[in-house]
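The next block holds one structure in the form of structure tokens; read it before the comments.
There are 2 protein chains.
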Amino acid sequence: MTQRQTLQAALIQQRCTGNPADNLARATAAVEQAATDGARLVVLQELFNTTYFCQTENPACFELAEPVPGPATTALGRLAARLGVVIVAPLFERRAPGLYHNSAAVLDSDGRLAGIYRKMHIPDDPGYYEKFYFTPGDGIWRPIRTRVGHLGVLICWDQWFPEAARLMTLAGADILLYPTAIGWDPGEAPAERTRQQEAWLTVQRAHAIANSLPLLCCNRTGFEPVPGGNVESGIEFWGSSFACGPQGEMLAQAPAGDEAVLMVTLDLGRTEEVRRSWPFLRDRRIDSYGELTARWRD
Amino acid sequence: MTQRQTLQAALIQQRCTGNPADNLARATAAVEQAATDGARLVVLQELFNTTYFCQTENPACFELAEPVPGPATTALGRLAARLGVVIVAPLFERRAPGLYHNSAAVLDSDGRLAGIYRKMHIPDDPGYYEKFYFTPGDGIWRPIRTRVGHLGVLICWDQWFPEAARLMTLAGADILLYPTAIGWDPGEAPAERTRQQEAWLTVQRAHAIANSLPLLCCNRTGFEPVPGGNVESGIEFWGSSFACGPQGEMLAQAPAGDEAVLMVTLDLGRTEEVRRSWPFLRDRRIDSYGELTARWRD
Chain G
1 MTQRQTLQAA LIQQRCTGNP ADNLARATAA VEQAATDGAR LVVLQELFNT TYFCQTENPA
61 CFELAEPVPG PATTALGRLA ARLGVVIVAP LFERRAPGLY HNSAAVLDSD GRLAGIYRKM
121 HIPDDPGYYE KFYFTPGDGI WRPIRTRVGH LGVLICWDQW FPEAARLMTL AGADILLYPT
181 AIGWDPGEAP AERTRQQEAW LTVQRAHAIA NSLPLLCCNR TGFEPVPGGN VESGIEFWGS
241 SFACGPQGEM LAQAPAGDEA VLMVTLDLGR TEEVRRSWPF LRDRRIDSYG ELTARWRD
Chain B
1001 MTQRQTLQAA LIQQRCTGNP ADNLARATAA VEQAATDGAR LVVLQELFNT TYFCQTENPA
1061 CFELAEPVPG PATTALGRLA ARLGVVIVAP LFERRAPGLY HNSAAVLDSD GRLAGIYRKM
1121 HIPDDPGYYE KFYFTPGDGI WRPIRTRVGH LGVLICWDQW FPEAARLMTL AGADILLYPT
1181 AIGWDPGEAP AERTRQQEAW LTVQRAHAIA NSLPLLCCNR TGFEPVPGGN VESGIEFWGS
1241 SFACGPQGEM LAQAPAGDEA VLMVTLDLGR TEEVRRSWPF LRDRRIDSYG ELTARWRD
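Protein sequences, first through last, are from chains G and B. Position 18, counted from 1, in the first sequence is what our numbering calls 18; the numbers after and before it change by one each time, with no gaps. Position 185, counted from 1, in the second sequence is what our numbering calls 1185; the numbers after and before it change by one each time, with no gaps.
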């Protein structure tokens, strides 16, 4: 018989200020609320304790990076142990002098650092100058083992790449998790806004479907102006954090423009049930996938 | 400047009867209508000239297979040349004595057989006993070159595998095409029906998004009883053929329960435009994808 195992999770969708200590304090309060409400897994958004500083290329922003373990993860480790929750904490990591990553530290419910994921796919387009700041991850697509399961932690831009979700799945992920920081250019036409947000939602739901896994996506909210830009220019982060099940079915979704502690109950036993009906893993044509490592099949 | 190139396409969504000649005649009439309405590319559904005989395992059904080139593709080649349209014709192929495929022949607009795709991922679950009938394809994920573009033809179960869409993309597909035959078990609960159909739609839209390609999906409609079963058992094919653009945006959709000649205009220039905004192909981590050829990453 399929094992029935449910997991209460919470997604912390927040606005960020220019004060990391303030962002950490408000995240801490939200984690406490989530734990009180029964969450055993709490997911923070990408770069949770800073603004999205990648809107410009400014060498001074490297000062925002911190080591792991370091002040934020030590504080969150204590919080995790006190509350008995697993915390996914994405932040700007200083790995070595001059070597920085867009990372997610995972604190297990005993406070221990369970593992770290370093963002593998790094975007770079106007307003999202990430290639300046973040060295691409050198990990091997392994889920992070915690007391609530094997967490397939990925970050933002990774969400557009089916390869990432598949590799986490094949390594035994129980859940796919995407902390993100995505939003609209205020000058964007309404139809384009809709297409972008729908695409973002759809591609992630599809990873859940193709891999028969539940998925949690925690996105930033609020408007952040371009440092030194005019008052209208910046990013309007679209929030809309969500959870879906292994058939891509929506389980919960936060609003676009407000902060939220989004609670959801995941039925981890559904994965094997769904895979028995739709056995995609059985039928993958691994004999024919070799050229997925090609840049282009000329 | 991005090349603007539009293409009128038509999806022929039909009910099938036990009479292949009747199915071919009705498909022919629908192709004629589509051409009259301006289509230059016409897509038929999976196994277009037979019922979905895979509801049981019956050796007599191998008699339904025909060679390519053979009677149906010869007739459709003449039709393609007469109307000046490209036709995607999925059918049960007899490749050699005892060697059968679930294939799609593509007839170019001069009537020539442009190429053939043989379904790579073969399902097998109650009511869809395809592994009995169909030898898995031995192709190499190459789009078929035609006068209207490079067609990334895949078939039904392939639609659940992001690997297939990606490999067609990397080999230069201009459009992803999915002839399908999927439906509900009449005994299925309404909530499960919704989840299944939504998953089917979502996963395909996501292939369009992840690869920045337009996508055409042509599905069968109508109820087909299980041969020799009681009157209620069978498959209620859910139609709902659709077209979406390179951001997964829906362009057109047919009803669930009726036949349709679904017309859509594709803007092939949008692919490069979208890829410039969301350059996924630039950022794929091909150095790290090697284990996509693993069955499981133990």
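Glycine included, every Cβ here is placed at the ideal spot set by N, Cα and C. Model, not experiment: these values are computed from the prediction.
Cβ-Cβ separation between glutamate 66 of chain G and phenylalanine 132 of chain G: approximately 18 Å, too far for a contact (criterion under 8 Å).
Counting every other CB atom within 10 Å of its CB across the protein chains shown gives glutamate 163 of chain G a total of 16 or more, marking it as buried. Put simply, the CB of histidine 121 of chain G is near chain B, with a gap under 7 Å to one of its CB atoms.
DSSP places serine 1288 of chain B within a helical segment (H, G or I) once states are collapsed to three. If you keep only unbroken beta strand (DSSP E) runs of at least 3 residues inside the region 214–255 of chain G, you get 215–219, 221–225, 234–238, 242–244 and 250–253. The beta carbon of valine 68 of chain G sits closer than 6 Å to the beta carbons of Glu93, Ala105 and Ile116 from its chain, once the five residues preceding and following it are set aside; these are given in chain order.
Note: threonine 28 of chain G is not bridge-paired with any residue in the DSSP secondary-structure output. The residues Gln55, Thr56, Ser233 and Gly234, in chain order, have a CB closer than 7 Å to that of valine 226 of chain G in the same chain once the five nearest residues on each side in sequence are set aside. Aspartate 1125 of chain B carries a strand assignment under DSSP once its states are collapsed to helix, strand and coil. When C-alpha distances from glycine 1127 of chain B are compared across B/Ile1144, B/Glu1188 and B/Gly1172, the shortest belongs to B/Glu1188.
Nearest Cα to threonine 1036 of chain B within the set B/Asn1049, B/Gly1152 and B/Ala1080: B/Ala1080.
Residues of the region 1163–1181 of chain B with a C-beta atom less than 7 Å from some C-beta of chain G are Glu1163, Arg1166, Leu1167, Leu1170 and Ala1171, listed in chain order. Under the three-state reduction of DSSP, isoleucine 1209 of chain B is assigned to helix.
Within the DSSP bridge table, the entry for leucine 1151 of chain B names B/Ile1144 and B/Ile1175 as partners.
The alpha-carbon separation between methionine 1120 of chain B and tyrosine 100 of chain G amounts to approximately 42 Å. Aspartate 1298 of chain B and glutamine 1159 of chain B have their C-alpha atoms roughly 26 Å apart. Counting other Cβ atoms within 10 Å of its Cβ, valine 1148 of chain B reaches 16 or more and is therefore classed as buried. Taking a C-beta distance under 7 Å as the contact criterion, glycine 248 of chain G and alanine 1254 of chain B do not qualify as a contact pair. When C-alpha distances from glycine 1183 of chain B are compared across B/Asn1211, B/Leu1154 and B/Glu1046, the shortest belongs to B/Glu1046.
Cβ-Cβ distances below 8 Å link leucine 1201 of chain B to Ser1240 and Phe1242 in the same chain, with the five nearest sequence neighbours on each side left out; the list follows chain order. The shortest C-alpha to C-alpha distance from leucine 1177 of chain B to any of B/Gln1005, B/Leu1011 and B/Thr1006 is the one to B/Leu1011. Beyond the five residues adjoining it in sequence on each side, glycine 18 of chain G comes within less than 7 Å, by CB distance, of Thr51 in the same chain, given in chain order. Tryptophan 1141 of chain B has its alpha-carbon roughly 45 Å from the corresponding atom of arginine 15 of chain G. With 16 or more other Cβ atoms from the protein chains shown falling within 10 Å of its own Cβ, glutamate 224 of chain G counts as buried. In the DSSP secondary-structure assignment, aspartate 267 of chain G is bridged to G/Thr6. Considered as a whole, the region 1042–1119 of chain B harbours 1071–1083 as its complete alpha helix (DSSP H) runs of no fewer than 4 residues, in chain order. Alanine 39 of chain G and valine 86 of chain G have their C-alpha atoms roughly 9 Å apart.
A distance below 6 Å between beta-carbons, with the five flanking residues on each side excluded, links glycine 1077 of chain B to the following residues of its chain, in chain order: Leu1107 and Gly1111.
Residues Leu1268 and Gly1269 of the same chain have their beta carbon placed closer than 6 Å to that of glutamine 1005 of chain B, with the five preceding and five following residues left out of the count. Neighbours of tryptophan 1278 of chain B across chain G, judged by C-beta separation under 9 Å: Pro123, Asp125, Trp160, Gln196 and Ala199. In this structure, leucine 1216 of chain B sits away from proline 1246 of chain B, with a CB-CB distance that is not shorter than 7 Å.
When G/Leu113, G/Gly98 and G/Ser103 are compared, the shortest CA-CA separation from threonine 74 of chain G is found for G/Leu113. Tryptophan 1296 of chain B belongs to the set of residues whose beta carbon lies under 7 Å from a beta carbon in chain G. Between isoleucine 1144 of chain B and arginine 1195 of chain B, the alpha-carbon positions lie close to 33 Å from each other. Closer than 9 Å at the C-beta level to chain G, one finds these residues of the region 1210–1230 of chain B: Ala1210. By the Cβ neighbour-count rule, valine 1231 of chain B is exposed, with fewer than 16 other Cβ atoms within 10 Å of its own.
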